[in-house]
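Enquirer: Below is the structure I would like to discuss, written out as structure tokens.
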Amino acid sequence: MTINELLTPDQPITWLPWAVQYFFLIGLAYGALWLGALDLWHKVPDRRLQMLAAVLMMAAGVVAPIALTADLHQPARAWHFYAQPRFSSIMWYGAYLLPLFSLLSMLLGWLLIRPSLALRGAESDRVAAMARLLCLGGWSGDRWLKPLALLAALSGLSIALYTGLETMVVEARPLWHTPWLPWLLALSALLAAQSALLLLNRLLAGWQQRTEAGLQRQIRPTLALLALSLLGWTLFGGASATEAGALYRLDPSWRLAAHWLLLTLGLLATLLLVGQRLGARWQPLALWGTALLALHLVWGLRWLVLIQGQLVPKYGAGAYFYQIAWGPEGVLGILGTFGLLLALLVALSELVRASSVPSTGKASTAKASPTHSAREAI
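So the sequence shown is residues 2 to 379, counted in the numbering used here.
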């Protein structure tokens with residue numbers, strides 16, 4: 002009898018938590034862009050939703066490329082994408098698609114918040130002076146909104162495809178190599194954007210019931226479709242689902258993470274089912290719970306796929322052991338990225354806090370006046 006012994010040297014993972022932050026934040030950016038752009042074609046537009054979407058897409062759209070650059074390990078090598086054409090590389094195309102998306106999303110966001118900037122500029126403090134400067138005059142940009150929104154939405158679609166395909170093309174990892182992955186990432190990004198906007202509507206001055214109700218109506222079918230898609234991937238995902246099943250059986254850390262996500266999904270579904278039946282006293286808590294659980298679910302899904310998915314060797318047997326670092330390549334990087342996002346949200350909220358930008362239509366109900374203090378913003 003011949004015994005063949007397999008040795009698998011422990012290798013560090015190559016995609017660090019920076020990648021999870023990028024996938025999460027860029028999803029917030031293009032998800033918010035889609036929601037804000039789509040509202041422009043509604044018969045009765047929700048100006049509050051458009052303003053919130055602009056704030057979120059601009060903040061997340063700035064931080065996401067920073068996280069991606071950090072994940073390159075040597076950020077200065079990013080110029081190689083432009084100096085050396087690689088037509089067979091998905092990331093080479095992304096080097097052009099991502100700056101284009103950033104440019105279009107910033108232009109669209111700026112046009113959407115210009116009415117708020119104009120009202121903020123009517124005040125007499127230093128921030129008002131900056132708001133007047135950012136308005137670039139008193140001209141109306143409404144005629145440019147829909148054409149630019151269409152271009153930006155298509156650019157957002159290209160980024161959703163790019164971020165899914167750059168992972169899916171790795172044939173050495175069966176877990177990633179499935180057409181289900183781009184769809185799951187894009188759909189979960191939309192759920193995250195809806196949840197983040199739900200929180201921003203509460204946090205930024207000018208809360209509106211119509212905006213909150215509309216986002217709550219959108220979250221339910223999005224979550225249902227995401228749950229059905231996860232079930233479809235489990236049943237018909239081929240080698241990807243088989244790899245996930247093997248990880249579930251053999252890797253305790255994968256099993257723990259999977260159980261945690263399933264628990265989060267179950268709690269979120271339960272909260273959405275019973276939230277409307279709760280009294281008025283408990284409904285705000287239910288709303289906060291819904292939004293935070295949804296964001297946690299979306300971020301956790303990316304962690305499970307991108308980080309836990311690398312614990313299986315591309316070639317060999319067994320599984321790697323991963324312990325998150327406390328420094329910039331781990332916990333500090335995650336906290337720093339979210340801290341930068343929060344700082345940008347605070348800055349943008351201060352620029353637009355003077356106006357709730359009331360929606361046109363009887364369904365709109367503003368609970369806060371345009372003269373709210375800065376403490377009532379984020």
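Heads up, the beta-carbon is just placed ideally off N, CA and C, and yes, glycines get one too. None of these values were measured; they are calculated from a predicted model.
Quick one: complete alpha helix (DSSP H) runs, 4+ long, within the segment 54–121?
Expert: Listed in chain order, they are 81–84.
Enquirer: With contact counted as at least three CB pairs below 8 angstroms, one residue from each stretch, are the segment 114–133 and the segment 36–55 in contact?
Expert: Segments in contact, yes.
Enquirer: Report the option in Glu213, Leu198, Arg127 and Gly157 whose CA atom is closest to the CA atom of Leu101.
Expert: Taking only the C-alpha atoms, the option nearest Leu101 is Gly157.
Enquirer: Rounded to the nearest angstrom, what separates Ala30 and Gly337 at their Cα positions?
Expert: Answer to the nearest angstrom: the Cα atoms are 18 angstroms apart.
Enquirer: Would you decide whether Gly139 is buried or exposed? Buried here means 16 or more other CB atoms lie within 10 Å of its CB.
Expert: The residue is exposed, with fewer than 16 neighbouring Cβ atoms inside 10 Å.
Enquirer: Distance check for Ala65 and Ile335, CA to CA, integer angstroms please.
Expert: Computed Cα separation, rounded: 12 angstroms.
Enquirer: Report the three-state DSSP secondary structure of Gln324 (helix, strand or coil).
Expert: Coil, per DSSP.
Enquirer: Residue range of the alpha helix (DSSP H) that Ala132 falls in?
Expert: It spans Arg127 to Cys136 - the alpha helix (DSSP H) in which Ala132 sits, taken as one unbroken run.
Enquirer: Going by the CB atoms, is the gap between Ala292 and Leu231 shorter than 8 angstroms?
Expert: The answer is no: Cβ separation not under 8 angstroms.
Enquirer: Taking the alpha carbon of Arg133 as the point to measure from, which residue in Gly142, Leu120 and Ser141 has its own alpha carbon closest?
Expert: Checking every option, the nearest Cα to that of Arg133 belongs to Leu120.
Enquirer: How is the alpha helix (DSSP H) around Gln284 delimited, first residue to last?
Expert: Residues Gln284 to Arg303.
Enquirer: Since Pro18 and Ile220 should fall inside the 8 angstroms C-beta cutoff, what is the C-beta to C-beta distance between them, to a whole number of angstroms?
Expert: Contact flag wrong, Cβ pair sits at about 26 angstroms.
Enquirer: Would Ala193 and Phe25 qualify as a contact pair, given that the criterion is a beta-carbon distance under 8 angstroms?
Expert: In this structure, Phe25 lies closer than 8 angstroms to Ala193 by Cβ.
Enquirer: Could you give the uninterrupted runs of the alpha helix (DSSP H) lying entirely in the segment 193–248, keeping only those of 4 residues or more?
Expert: Segments of the alpha helix (DSSP H) lying fully in the segment 193–248: 210–237.
Enquirer: Could you tell me the alpha carbon to alpha carbon distance between Leu298 and Thr15, rounded to whole angstroms?
Expert: So the two alpha carbons sit approximately 23 angstroms from each other.
Enquirer: Mapping the DSSP letters down to three states, classify Lys147 as helix, strand or coil.
Expert: DSSP places Lys147 in helix when its eight states are reduced to three.
Enquirer: Would you kindly work out how many angstroms separate the C-alpha atoms of Ala240 and Val63, rounded to a whole number?
Expert: Taking the straight line from one Cα to the other gives about 36 angstroms.
Enquirer: So the alpha helix (DSSP H) Glu330 belongs to, where does it begin and stop?
Expert: Careful: Glu330 lies outside any alpha helix (DSSP H) and carries neither H nor E.
Enquirer: With three or more beta-carbon pairs closer than 8 angstroms as the criterion, would you say the segment 264–272 touches the segment 201–218?
Expert: Verdict: no, contact absent.
Enquirer: Throw me the rounded Cβ distance for the Ala150 and Leu224 pair, which I believe falls under 8 angstroms.
Expert: Wrong, their Cβ atoms sit about 25 angstroms apart, outside the cutoff.
Enquirer: Beta-carbon separation of Ala153 and Leu345 under 8 angstroms?
Expert: For Ala153 and Leu345, no; Cβs fall outside 8 angstroms.
Enquirer: Around the C-beta of Glu172, are 16 or more other C-beta atoms found within 10 angstroms, so that it is buried, or is it exposed?
Expert: It is exposed - the Cβ of Glu172 has fewer than 16 other Cβ atoms within 10 Å.
Enquirer: Pull up the distance between the alpha-carbon of Asp126 and that of Leu108, whole angstroms please.
Expert: One C-alpha to the other measures close to 25 angstroms.
Enquirer: Whole angstroms are fine: how far does the CA of Ala161 sit from the CA of Leu112?
Expert: Approximately 23 angstroms, taken between the alpha carbons.
Enquirer: Taking the alpha helix (DSSP H) that Val275 falls in, what are its first and last residues?
Expert: Element bounds for Val275: Pro253 to Val275.
Enquirer: State the DSSP-derived secondary structure class of Leu188, mapped to helix, strand or coil.
Expert: Reduced to three states, the DSSP call for Leu188 is helix.
Enquirer: Comparing alpha-carbon positions, which option in Glu330, Val353 and Leu341 lies nearest Pro13?
Expert: Nearest option by C-alpha distance: Glu330.
Enquirer: On a Cα-Cα basis, can you pick out the residue from Leu333, Phe88, Ser189 and Gln85 that is closest to Arg303?
Expert: Of Leu333, Phe88, Ser189 and Gln85, the residue nearest in Cα terms is Ser189.
Enquirer: Output needed for Trp80: all residues of its chain with C-beta closer than 7 angstroms, excluding positions within five of it in sequence on either side, in chain order.
Expert: Closer than 7 angstroms at Cβ, skipping near neighbours: no residue.
Enquirer: Kindly indicate which three-state DSSP category Trp35 falls into: helix, strand or coil?
Expert: It is helical.
Enquirer: Under the rule that 16 or more other beta-carbon atoms within 10 Å means buried, what is Tyr97, buried or exposed?
Expert: Tyr97 is exposed by the Cβ-count criterion.
Enquirer: Leaving out five residues on either side along the sequence, give the residues of the same chain with a beta carbon under 7 angstroms from the beta carbon of Leu226.
Expert: Hits under 7 angstroms: Leu188.
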